[in-house]
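Q:
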Amino acid sequence: MVRAAGVHPPRVAALVVLLALLGGCGQDMSGAPSVVSPGTDPSASQSVRHGGSGGEGQVGSPTSNATATEGRTGGGSPGLVTPSRRPVVGAAPPPWLGTRVLPRTADGFGQRRPTPPELVQRRFTLPDRLPALPGTGFASRVRTPAPASVIRRSTWQRGCPVTANELSWVRLTFWGYDDRRHTGELLVNRSAAKDLVAVFARLYDTGFPIEEMRIARRDELEAQPSGDGNNTGAFACRPTTSGSSYSQHAYGLAIDVNPFQNPYEKGDLVLPELASSYLDRSRIRPGMITPGGPLVRAFDSVGWSWGGSWRSLKDLQHFSANGR
Ligand SMILES: [Zn+2]
Numbered sequence: 125m126v127r128a129a130g131v132h133p134p135r136v137a138a139l140v141v142l143l144a145l146l147g148g149c150g151q152d153m154s155g156a157p158s159v160v161s162p163g164t165d166p167s168a169s170q171s172v173r174h175g176g177s178g179g180e181g182q183v184g185s186p187t188s189n190a191t192a193t194e195g196r197t198g199g200g201s202p203g204l205v206t207p208s209r210r211p212v213v214g215a216a217p218p219p220w221l222g223t224r225v226l227p228r229t230a231d232g233f234g235q236r237r238p239t240p241p242e243l244v245q246r247r248f249t250l251p252d253r254l255p256a257l258p259g260t261g262f263a264s265r266v267r268t269p270a271p272a273s274v275i276r277r278s279t280w281q282r283g284c285p286v287t288a289n290e291l292s293w294v295r296l297t298f299w300g301y302d303d304r305r306h307t308g309e310l311l312v313n314r315s316a317a318k319d320l321v322a323v324f325a326r327l328y329d330t331g332f333p334i335e336e337m338r339i340a341r342r343d344e345l346e347a348q349p350s351g352d353g354n355n356t357g358a359f360a361c362r363p364t365t366s367g368s369s370y371s372q373h374a375y376g377l378a379i380d381v382n383p384f385q386n387p388y389e390k391g392d393l394v395l396p397e398l399a400s401s402y403l404d405r406s407r408i409r410p411g412m413i414t415p416g417g418p419l420v421r422a423f424d425s426v427g428w429s430w431g432g433s434w435r436s437l438k439d440l441q442h443f444s445a446n447g448r
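With our numbering applied, the sequence shown corresponds to residues 125 to 448, in that order.
Structure below.
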């Protein structure tokens, strides 16, 4: 994690916002925006869970369910909840998600706060932003280079350590906590696109749940930290700090998965700031990444390593091609 000290003041502000916004990443940055989309109201989520998902393909149970120790543990499925029964805690996003701004610390992050009860068993999936990919199983589409329209809504800008032509736009399907098939997107280094598709194909078979997968926008960099973001993302470009090195995310060679369930921790710092409940790794809940579990194995199969195995700090959400 790059600190703001020694950076020129205008950049401090921008960087601090970005750091707080993008969640945790050990030696680098995370793609975990905290801003909540308009589609995060609980009623929208309910309608998805109870059918009528607006054209999104509904499929049966994922295969290899029993192997998904990371993904499908932790109690009853939201999909089994009937409207007449009390909702499962954590199965719908609280209405305040992404709206409660945190005071900043001297380091520029949001103040660490206890995890709100609504998020201790976090297991909702936000509505898709993209049309569903056809089919009922795993599906992916890769476009290289990424379309200009996609680059424009990303954090890419001139001065990033990769050119726009070096990035691929990957769309793929994943399992939500709602036991449904979803379609998300990643912006990744073109050299990594094929490997990441292979990883997510494996994950799909395990049923590992993901809350949200989309490309972080540049305007999100200006948002105040709310400490409750949980986006799964890869490419995130930020300015250099006094010429120091870029994050692997700025090359599209790192990805953060379910940052809230898999926070970054260094000393007193926890990112996302409200995710401290998930520092207790003995209490396995859906979406958590575990040593030797399906997520670590899937990334290991393409040579990517896990920030959860670092010693100086833990970046539990982070996987990268070069181990940094
Ligand atoms: Zn990361």
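Quick reminder that beta carbons are idealized off the backbone N, C-alpha and C, glycines included.
With a cut-off of 8 Å on the beta carbons, I'd call L327 and A422 a contact; round off their distance for me.
A: The residue labelled residue 327 in the question sits at position 203 within the sequence shown. The residue labelled residue 422 in the question sits at position 298 within the sequence shown. Yes, they are in contact, since the Cβ atoms of L327 and A422 sit about 6 Å apart, within 8 Å.
Q: Ends of the alpha helix (DSSP H) at R267?
A: Stepping through the sequence shown from its first residue, residue 267 is reached at position 143. No alpha helix (DSSP H) holds R267; the beta strand (DSSP E) holding it covers 264-267.
Q: Less than 8 Å separating the Cβ of D319 from some heavy atom of ligand 1?
A: The sequence position of residue 319 within the sequence shown is 195, counting from 1. Flag unset: Cβ of D319 not near ligand 1.
Q: Please report how far the alpha carbon of G259 lies from the alpha carbon of R253, in whole angstroms.
A: Here residue 259 corresponds to residue number 135 of the sequence shown, with the count starting at 1. Here residue 253 corresponds to residue number 129 of the sequence shown, with the count starting at 1. Approximately 17 Å between the Cα atoms of the pair.
Q: Only counting the same chain, and skipping five residues up and downstream in sequence, which positions put a Cβ closer than 7 Å to that of L398?
A: Mapped onto the sequence shown, residue 398 falls at position 274. R237, T239, P240, L243, G351, D352.
Q: State the CB to CB distance for the pair A358 and A378, rounded to an integer number of angstroms; the pair is presumed to be in contact (CB under 8 Å).
A: In the sequence shown, residue 358 corresponds to position 234, counting from 1. In the sequence shown, residue 378 corresponds to position 254, counting from 1. Rounded, the Cβ-Cβ distance is 7 Å, consistent with contact.
Q: Find the nearest neighbour of V312 within the set G376, H442, P227, judged by alpha-carbon distance.
A: Within the sequence shown, numbered from 1, the residue matching residue 312 stands at position 188. Among G376, H442, P227, the Cα nearest to that of V312 belongs to G376.
Q: Compare the C-alpha of W434 against each of P415, P349, L419, A215 and name the closest.
A: If you number the sequence shown from 1, residue 434 lands on position 310. By alpha-carbon distance to W434, the top candidate from P415, P349, L419, A215 is P415.
Q: From which residue to which residue does the alpha helix (DSSP H) around R246 run?
A: As a working note, residue 246 is residue 122 in the sequence shown. Element bounds for R246: n/a, residue is neither H nor E.
Q: So, under 8 Å CB-CB, S264 and V321 are touching, yes? Tell me the CB distance rounded to an integer number of Å.
A: Locating residue 264 in the sequence shown gives position 140, where the first residue counts as 1. Locating residue 321 in the sequence shown gives position 197, where the first residue counts as 1. Indeed they touch by this definition, with Cβ atoms about 5 Å apart.
Q: Distance, Cα to Cα, L257 vs T307?
A: Position 133 of the sequence shown, counted from the start, is the residue given in the question as residue 257. Position 183 of the sequence shown, counted from the start, is the residue given in the question as residue 307. The straight-line gap from Cα to Cα measures roughly 6 Å.
Q: Could you check whether the Cβ of H306 sits closer than 8 Å to any heavy atom belonging to ligand 1?
A: Position 182 of the sequence shown, counting from 1, holds the residue named residue 306. For H306, the shortest C-beta to heavy atom distance toward ligand 1 is 8 Å or greater.
Q: Can you tell me which of the three DSSP states N289 falls into?
A: Locating residue 289 in the sequence shown gives position 165, where the first residue counts as 1. Residue state, collapsed to three classes: helix.
Q: Is G376 near ligand 1, with its Cβ less than 8 Å from a heavy atom?
A: Here the question's residue 376 lines up with position 252 in the sequence shown. No.
Q: Output the boundary residues of the beta strand (DSSP E) element that contains F443.
A: Position 319 of the sequence shown, counting from 1, holds the residue named residue 443. First-last of the beta strand (DSSP E) with F443: 442-444.
Q: Taking the Cβ atom as the reference point for each residue, do L440 and Y370 lie within a distance shorter than 9 Å?
A: On the sequence shown, position 316 is the one that residue 440 refers to. On the sequence shown, position 246 is the one that residue 370 refers to. No, Cβ-Cβ distance for L440 and Y370 is not below 9 Å.
Q: Report, in whole angstroms, the separation of the C-beta atoms of V274 and W293, which I expect to be a contact under 8 Å.
A: Numbered from its first residue, the sequence shown carries residue 274 at position 150. Numbered from its first residue, the sequence shown carries residue 293 at position 169. Going by Cβ atoms, the distance from V274 to W293 rounds to 5 Å, so yes, they are a contact pair.
Q: Check the DSSP bridge columns for Y388 and list the partner residues they point to.
A: Your numbering for residue 388 matches position 264 in the sequence shown. Paired residues: L395, D439.
Q: Could you tell me the distance, in whole angstroms, from the CA atom of S429 to the CA atom of F443?
A: Counted from its first residue, the sequence shown places residue 429 at position 305. Counted from its first residue, the sequence shown places residue 443 at position 319. So the alpha carbons of these two residues sit roughly 5 Å apart.
Q: Which value, in whole angstroms, describes the spacing of the CA atoms of A230 and Q372?
A: As a first step, residue 230 is located in the sequence shown; it is residue number 106 there, counting from the start. As a first step, residue 372 is located in the sequence shown; it is residue number 248 there, counting from the start. Pairing A230 with Q372, the inter-Cα distance amounts to about 26 Å.
Q: Let me know the secondary structure DSSP gives R228 once reduced to three states.
A: The residue labelled residue 228 in the question sits at position 104 within the sequence shown. DSSP places R228 in strand when its eight states are reduced to three.
Q: Helix, strand or coil: how does DSSP classify E344 here?
A: On the sequence shown, residue 344 is found 220 positions in, with the first residue counted as 1. Residue state, collapsed to three classes: helix.
Q: Leaving aside the five residues before and after R284 along the sequence, list all residues of the same chain whose C-beta is less than 7 Å from its C-beta, in chain order.
A: By 1-based counting over the sequence shown, the position of residue 284 is 160. Reading off the sequence shown, one finds Cys at residue 284, where the question assumed Arg. The answer, listed in chain order, is C361, A374.
Q: What does DSSP give as the partner residues of T356 in its beta bridges?
A: The residue given as residue 356 occupies position 232 in the sequence shown. Beta-bridge pairing links T356 to M337.
Q: L311 lies in the beta strand (DSSP E); which residues open and close that run?
A: Position 187 of the sequence shown, counted from the start, is the residue given in the question as residue 311. First-last of the beta strand (DSSP E) with L311: 305-313.
Q: Could you tell me whether any non-hydrogen atom of ligand 1 is closer than 8 Å to the CB of I77?
A: Residue 77 lies beyond the residue range present for the chain, which begins at 125 and ends at 448; the question has no answer from this structure.
Q: By DSSP's criteria, V294 is part of a beta bridge. Which residues make up the other side?
A: The residue labelled residue 294 in the question sits at position 170 within the sequence shown. DSSP, once it has assigned bridges, lists V266, L310 as partnering V294.
Q: What separation, rounded to the nearest whole angstrom, lies between the Cα atoms of P227 and P219?
A: Numbered from 1 along the sequence shown, position 103 holds the residue referred to as residue 227. Numbered from 1 along the sequence shown, position 95 holds the residue referred to as residue 219. Cα to Cα, P227 sits roughly 20 Å from P219.
Q: If you draw a straight line from the C-alpha of L437 to the C-alpha of V394, how long is it?
A: On the sequence shown, position 313 is the one that residue 437 refers to. On the sequence shown, position 270 is the one that residue 394 refers to. The straight-line gap from Cα to Cα measures roughly 11 Å.
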